[in-house]
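Step one of this worksheet: look at the structure below.
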Amino acid sequence: MKNRDRIIRYYKGTDNGELAARLIDLADSTAKGRPYAVSEFVSPGAVQIGETIQASAPGLILKTFGGYEGAERVRLAFIKESYDGPVDFAITACHVSWDARYRLLSHRDVLGSLMGLGIDRSRFGDIIMEETGAVILTDAPLLAYLKQNFLKIAMVHVTVEDMALSDIAPKQEKVKEIKTTVASLRLDAVASSGFGISRTKAAEAIKGDRVQVNWQPAKGPSQEVQEGDVISLRGKGRMELAQITGTSRKGRTGVLLRRYM
């Protein structure tokens with residue numbers, strides 16, 4: 552593939568270095584004869600890698616699908632331009648339910664129990680929490696295993712049932728707009744304002760590898776962020792630096808933040 556080595560060098564040393572190499576191999580397999588090739592489930596940041604690869608692979612189209620409209624974790628498909636047939640993303644869904652008395656089970660509990668079964672994170676997509684249950688998007692061949700082995704979450708008995716993708720409602724997120732000023736565009740300053748925590752706690756979270764910028768690990772509290780960047784804090788969700796609105800009389804930077812609840 553054109554620019555293969557350059558793309559791998561660019562992502563080498565990051566959490567996405569190995570993923571970039573795997574996605575290039577998928578694109579190559581399509582370019583060499585397959586009608587299409589589909590990746591594992593990936594985070595939103597990996598879509599950018601796919602777009603970079605597609606731009607260096609004439610004759611290929613990139614499509615993404617996560618099982619329902621608005622999915623965050625998706626699968627990428629590299630497709631020959633000449634192919635006009637269906638693309639099987641091999642995604643299915645299941646509904647996990649539990650006793651209403653244990654409604655405080657969290658996304659982290661569900662995710663931790665799945666990982667505890669030895670299932671790699673790349674084999675399932677979004678986990679959509681409900682009051683007394685959850686919807687899990689998963690690799691289709693994994694469904695039978697889940698129905699037989701996914702029996703408990705944090706010692707709470709659960710039931711796993713098939714669910715049609717068409718029954719999943721489009722994702723609807725509450726968005727809170729925050730207009731404020733920050734001392735600088737340092738990551739710790741912006742995260743502090745957006746997530747409503749002290750700058751010290753924001754810096755500690757960043758140093759503790761709990762903060763990502765554009766789905767990549769934060770480089771440090773002093774990392775500069777810019778308009779359009781998405782900042783996520785484990786346990787607090789994510790926000791976007793939607794706009795830099797100017798400079799105040801006191802020299803502070805005005806920002807518009809969109810926090811997704």
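For the sequence shown, this note's numbering gives the first residue as 552, with consecutive numbering after it.
Think of the CB as a built atom: it goes at the ideal place given N, C-alpha and C, for glycine as much as any other residue.
Backbone CA spacing between Gly501 and Phe592 [nearest angstrom]: The first residue shown for the chain is 552 and the last is 812, placing residue 501 beyond what the model contains.
Distance CB(Val638)-CB(Ala622) smaller than 9 Å: Mapped onto the sequence shown, residue 638 falls at position 87. Mapped onto the sequence shown, residue 622 falls at position 71. No, the pair does not count as a contact, with Cβ atoms beyond the cut-off.
His646 - partner residues in DSSP beta bridges: Position 95 of the sequence shown, counting from 1, holds the residue named residue 646. His646 is bridged to Val686 and Glu712.
Sub-9 Å separation of Ala734 and Thr804 beta-carbons: Working through the sequence shown from its first residue, we reach residue 734 at position 183. Working through the sequence shown from its first residue, we reach residue 804 at position 253. Using a Cβ distance threshold of 9 Å, Ala734 and Thr804 count as a contacting pair.
Rounded C-alpha distance that separates Glu755 from Glu728: As a working mapping, residue 755 is identified with position 204 in the sequence shown. As a working mapping, residue 728 is identified with position 177 in the sequence shown. If you draw a straight line from the Cα of Glu755 to the Cα of Glu728, it comes to about 25 Å.
Helix, strand or coil at Arg809 [DSSP, three-state]: For this step, residue 809 is matched to residue 258 along the sequence shown. DSSP places Arg809 in the strand class (E or B) of the three-state scheme.
Range of the contiguous alpha helix (DSSP H) that encloses Phe746: As a first step, residue 746 is located in the sequence shown; it is residue number 195 there, counting from the start. Membership of Phe746 in the alpha helix (DSSP H) is indicated by the continuous run Leu738 to Phe746.
Paired residues, beta bridge with Ile612 - DSSP: Sequence index remark: in the sequence shown, residue 612 carries index 61 (1-based). Answer is Ile630, bridged to Ile612.
Expected contact under 8 Å - CB spacing of Leu697 and Val711 to nearest Å: Here residue 697 refers to the residue found at position 146 of the sequence shown. Here residue 711 refers to the residue found at position 160 of the sequence shown. So it is a contact: roughly 5 Å between Cβ atoms.
Buried or exposed by the 16-neighbour rule on C-beta atoms within 10 Å, applied to Thr751: What you label residue 751 is simply residue 200 of the sequence shown in a count that begins at 1. So Thr751 counts as exposed.
Option nearest Gly667 by Cα separation, candidates Phe701, Ile679 and Ala597: On the sequence shown, position 116 is the one that residue 667 refers to. Nearest Cα to Gly667 within the set Phe701, Ile679 and Ala597: Phe701.
Contacts around Ile612, its chain only, beta-carbon distance under 8 Å, and the 5 residues preceding and following it disregarded: Taking the first residue of the sequence shown as 1, we reach residue 612 at position 61. In its chain, beyond the 5 residues on either side, Gln605, Phe629, Ile630, Lys631 and Glu632 have a beta carbon closer than 8 Å to the beta carbon of Ile612.
Local conformation of Arg659 per DSSP, three classes: Along the sequence shown, read from residue 1 onward, the residue named residue 659 stands at position 108. If DSSP states are grouped into helix, strand and coil, Arg659 belongs with the helices.
Own chain partners of Val570 with C-beta closer than 8 Å, once the 5 adjacent residues on each side are dropped: As a first step, residue 570 must be located in the sequence shown, where it is residue number 19. What sits at residue 570 in the sequence shown is Leu, not Val. Taken in chain order, the residues that qualify are Tyr562, Val593, Ala597 and Ile600.
Inter-residue Cα distance where the pair is Thr683 and Lys553: The residue you call residue 683 lines up with position 132 of the sequence shown. The residue you call residue 553 lines up with position 2 of the sequence shown. Cα to Cα, the separation comes out at about 50 Å.
Residues near Ile642 in its chain [Cβ-Cβ closer than 8 Å; skip 5 each side]: Looking up residue 642 in the sequence shown gives position 91. Non-local C-beta neighbours of Ile642 in its own chain, meaning closer than 8 Å and more than five positions away in sequence, comprise Phe616, Gly617, Gly618, Arg626, Gly676, Leu688, Thr689, Asp690, Ala691 and Leu716, ordered along the chain.
Nearest neighbour of Glu724, chosen from Ala608, Ile679, Glu602 and Thr798 [CA to CA]: On the sequence shown, residue 724 is found 173 positions in, with the first residue counted as 1. When the alpha-carbon of Glu724 is set against those of Ala608, Ile679, Glu602 and Thr798, the nearest one is in Ile679.
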